[in-house]
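Right, one structure below, let's go through it.
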Amino acid sequence: MTKGKKLNSMRLLEQHKIAYEVLTYEPITRDAVEVAEMIGLPEFMVYKTLVVQSMATDKPMLALIASDRQLDLKAMAAAANEKKVRMASHTDAEKLT
186 MTKGKKLNSM RLLEQHKIAY EVLTYEPITR DAVEVAEMIG LPEFMVYKTL
236 VVQSMATDKP MLALIASDRQ LDLKAMAAAA NEKKVRMASH TDAEKLT
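When you line the sequence shown up against my numbering, it's residues 186 to 282, in that order.
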């Protein structure tokens, strides 16, 4: 584990006793597939944290998916018992994670 800033997503994993490893990379990198290349892991082993919000209530939800996959918003809504969900804005996502 790194001594850097602990994210809310890390706290959530720890709360549920889910093991994880923090790997650091240059902050210029934005794409999870690019991160996988930089740290030398296959894309399916590197996960991205996506922040989604309910269209009805703005309730935030986190989706952890492999870097080589895309989030199906309809499937996410169904899994969360919501009618519709949307991706959170960049500002909201940073506040929540």
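Note that the Cβ used here is the ideal one computed from N, Cα and C, for glycine as well.
{"Item": "By DSSP's criteria, S239 is part of a beta bridge. Which residues make up the other side?", "Value": "V270"}
{"Item": "On the DSSP letters alone, give me the boundaries of the alpha helix (DSSP H) that M223 sits inside.", "Value": "A217 to I224"}
{"Item": "May I ask you to report which of helix, strand or coil DSSP gives D277?", "Value": "helix"}
{"Item": "Quick one: give me the first and last residue of the beta strand (DSSP E) that M230 is part of.", "Value": "Per DSSP, M230 belongs to no beta strand (DSSP E) and is neither H nor E."}
{"Item": "Going by DSSP, what residue range makes up the beta strand (DSSP E) through R265?", "Value": "According to the sequence provided, residue 265 is Ala. The question's Arg does not apply to it. Neither: A265 is in no beta strand (DSSP E) and is coded neither H nor E."}
{"Item": "Give every residue of the same chain whose Cβ lies closer than 7 Å to the Cβ of L198, excluding the five residues on either side of it in the sequence, and list them in chain order.", "Value": "Y205"}
{"Item": "Any beta-carbon of chain D closer than 8 Å to the one on E267?", "Value": "Among the chains in the structure shown there is no chain D, since it carries only a single protein chain."}
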